[in-house]
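Numbering (our numbering), first residue to last: 7 to 241.
Heads up, the beta-carbon is just placed ideally off N, CA and C, and yes, glycines get one too.
Treat the numbers as computed from the prediction; the structure is a model and nothing was measured.
First the structure, in the form of C-alpha cells, and then the observations on it.
Here's what the structure looks like:
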C-alpha cells in the first residue's frame with residue numbers, strides 16, 4: 007500500500023502510446039488529427055512509504071470497513087477488539103470516517119451520511135469532536151497496530167484528494183467493494199482447502215454454502231449501491 011497518496015504524489019498524464027504494433031505511431035497520428043485526446047494515465051510518485059500487510063490484518067481491516075459501511079455495530083466492535091481497542095470501537099469508526107457515530111449507525115439506509123459535506127458547520131463539528139475526545143484518541147493511537155496508523159494517514163490523504171476533486175464518487179462504496187473482494191477471496195480459499203478434505207459429498211455441500219455466501223455478499227453490496235443512488239451519492 008502506498009501510504010502517502012496526497013495530490014502532490016499523483017501525476018495525471020497522457021498515456022504513452024503502446025508499442026505492441028508496428029503501426030502504433032499511425033494510430034496515434036490519426037487520433038491527433040481528428041482531435042481525440044489520448045487516454046489519461048495515473049502515475050504514483052514518491053515510493054518511500056510503502057507497507058505490506060499480513061493477511062490476518064488485511065481481513066480484519068476489510069471486515070471492519072464492511073461493518074462500518076453497513077452500519078453493523080457488533081461487527082465494528084468485534085474487529086476493534088481484534089485490533090486491541092474494543093473499548094473504543096465507536097471512536098475508531100469515527101476516526102476512520104471523520105463522521106460522528108450517529109451518522110455511521112444510519113449509513114446503511116443513507117450512505118451519503120458517511121461523506122464529508124465540507125460545510126463550515128461540518129468542519130466545526132469535526133474540530134469539536136477532536137478537541138472533546140483528544141485524550142481517548144491518543145489512547146486509541148497508542149494501542150492500534152502500527153500498520154493501522156499508516157492506513158489512517160492514507161485515508162486522510164485520500165479523503166483530502168476526494169474533497170479537492172469535488173467528491174465525484176462515493177469512496178466508501180468503492181472501499182466496500184474492495185473489502186468484499188478480499189473477504190470473498192479468503193472464503194474461497196478456505197472452502198477450497200475444506201473441499202479437499204471433505205470428499206465428494208462434503209465438497210458439494212461446501213460449494214453450495216460458498217455460493218450462498220457469495221450471493222449474500224453481492225446482494226448486500228447491491229443494496230448499498232442502490233441506497234447510494236437513491237440518496238444522490240455517486241458510486
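Rounded separation between residue i and residue j - CA only
i: residue 160; j: residue 50; result: 14 angstroms
i: residue 146; j: residue 110; result: 19 angstroms
i: residue 136; j: residue 54; result: 29 angstroms
i: residue 18; j: residue 177; result: 19 angstroms
i: residue 61; j: residue 140; result: 31 angstroms
i: residue 221; j: residue 73; result: 18 angstroms
i: residue 240; j: residue 189; result: Low confidence applies here, because residue 240 scores a pLDDT of 46, under 50, leaving its location unreliable and the question unanswered by this model.
i: residue 195; j: residue 66; result: 16 angstroms
i: residue 238; j: residue 98; result: Here residue 238 scores only 49 on pLDDT, less than 50, and its place in the model should not be relied on; the value that follows carries that caveat. Their backbone Cα atoms lie some 27 angstroms apart in a straight line.
i: residue 81; j: residue 37; result: 51 angstroms
i: residue 199; j: residue 47; result: 39 angstroms
i: residue 43; j: residue 20; result: 8 angstroms
i: residue 187; j: residue 40; result: 40 angstroms
i: residue 191; j: residue 104; result: 29 angstroms
i: residue 164; j: residue 52; result: 15 angstroms
i: residue 22; j: residue 138; result: 50 angstroms
i: residue 16; j: residue 172; result: 17 angstroms
i: residue 133; j: residue 193; result: 40 angstroms
Integer Cβ distance of residue i from residue j, believed to fall under 8 angstroms
i: residue 7; j: residue 59; result: 7 angstroms
i: residue 9; j: residue 211; result: Contact flag wrong, Cβ pair sits at about 42 angstroms.
i: residue 68; j: residue 185; result: 4 angstroms
i: residue 107; j: residue 96; result: 5 angstroms
i: residue 12; j: residue 149; result: In fact, because the Cβ distance is near 27 angstroms, the residues do not count as touching under 8 angstroms.
i: residue 180; j: residue 101; result: Incorrect: roughly 19 angstroms between the Cβ atoms, too far for contact.
Bridge partners - residue i, DSSP secondary structure assignment
i: residue 36; result: Paired residue(s): none; residue 36 is not in a bridge.
i: residue 17; result: 49
i: residue 184; result: Note: residue 184 sits in no beta bridge, so no partner.
i: residue 56; result: 8
Cβ pair residue i, residue j closer than 8 angstroms
i: residue 35; j: residue 182; result: no
i: residue 142; j: residue 94; result: yes
i: residue 57; j: residue 153; result: yes
i: residue 92; j: residue 83; result: yes
i: residue 86; j: residue 112; result: no
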